[in-house]
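Report on one structure; see the data block that follows.
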Amino acid sequence: MADPIHPINPKNPRKRLDQRLVDEGLVESRERARGLILAGQVRVDGRRVDKPGTLIGSEAAVTIAGPEHPFVGRGGVKLRAALDAFGVDVSEKVCLDVGAGTGGFTDCLLQAGAANVIAVDVGHGHLHPRLRHDPRVIFLERVNVRHLTSRHLPVRPHLAVIDVAFISLTLVIPVVADLLLPDGDIVALIKPQFEVGKGEVGKGGVVRDPRQHGRVIRKVARCAHGLGMVVRGLCPSPILGAKGNREFFLYLAKSSARPGGIGDVERLIEEMVGSASGEVLEQKAR
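Residue numbers (my numbering): 25 to 310.
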């Protein structure tokens with residue numbers, strides 16, 4: 025049930041906060057509204073509200089506080105932090121965005137200088153209009169990544185970024201790796217709630233146990249290693265997932281001949297899982 029912020033009053037009908045933002049023309053879509061709300065950038069009568077389904081009265085004053093992030097979705101905030109942490113330069117490169125959704129990752133890549141982005145999504149109509157009409161974006165919708173082949177792509181990408189839900193990365197990375205250039209890279213967002221067993225997901229769909237986080241990262245890293253890939257980096261997402269899940273980025277390289285691989289992956293995982301509960305992940309947005 026949505027969380028009411030005002031008592032029921034027939035003369036003051038209530039509406040979901042995300043819908044209210046759209047109706048008042050503050051944002052162009054509920055997806056955009058959801059991102060801003062989860063980012064803690066929406067105020068109701070001067071008070072921060074971070075639940076998109078919160079019911080508010082029509083008389084309540086709704087505002088967007090502070091400067092927005094520059095991307096069409098909050099995923100762009102996540103990926104920008106990962107690219108910076110790993111030192112990944114996408115300038116003039118062709119990139120593949122798997123699980124594009126609204127296009128936060130795609131937007132981030134373009135703003136970072138990517139020549140083209142092939143945006144793939146199993147859904148339909150989710151990509152932000154600005155990106156849909158950008159000539160640098162090649163959009164493949166209604167395409168399940170497990171069925172994605174080189175025939176779908178006009179060219180082999182240099183880099184793939186992955187943000188998928190309801191499927192394990194161990195089923196996605198083998199497909200994506202096969203589509204890349206021989207020296208291609210992958211930056212994948214690990215979402216623990218889609219990697220653990222159903223019985224291991226806690227209340228509200230959140231995986232809270234750091235030991236489970238470690239097991240999940242190891243599982244994905246082992247999958248990549250089995251494909252001959254090298255782990256080049258691991259970092260936490262700078263903001264929590266929509267339901268409050270801690271997420272992690274794994275940076276993989278197809279070529280083991282390239283310098284910069286991480287020797288002690290296990291040590292890095294232990295350090296990462298332990299530090300991920302720090303202040304950076306306690307923030308829902310910047």
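Note that beta-carbon positions come from the ideal geometry of N, C-alpha and C, so glycine has one too. All values reported here derive from a predicted model rather than from experimental measurement.
Item                                                                                                 : Value
When Leu172, Glu48, Gln43, Leu193 are compared against Val211, the one with the closest alpha-carbon : Leu193
Delimiting residues of the beta strand (DSSP E) encompassing Glu165                                  : 161 to 165
The stretch 83 to 97 / the stretch 130 to 149 touching (three or more Cβ pairs under 8 Å)            : yes
Candidates Arg180, Arg256, Asn269: closest to Val231 by CA position                                  : Asn269
Distance, Gly229 Cα to Gln217 Cα                                                                     : 7 Å
Residue ranges of each alpha helix (DSSP H) within the stretch 118 to 167, 4 or longer               : 128 to 135, 153 to 156
Straight-line Cα distance separating Ser279 from Leu292                                              : 20 Å
As assigned by DSSP and simplified to three states, the class of Thr87                               : strand
Proximity winner among Leu264, Val254, Ala266, relative to Pro206 (alpha-carbon distances)           : Val254
For Asp209, the residue or residues it bridges with in DSSP                                          : Leu183, Ala277
Gly100: first and last residue of the uninterrupted alpha helix (DSSP H) it sits in                  : 99 to 110
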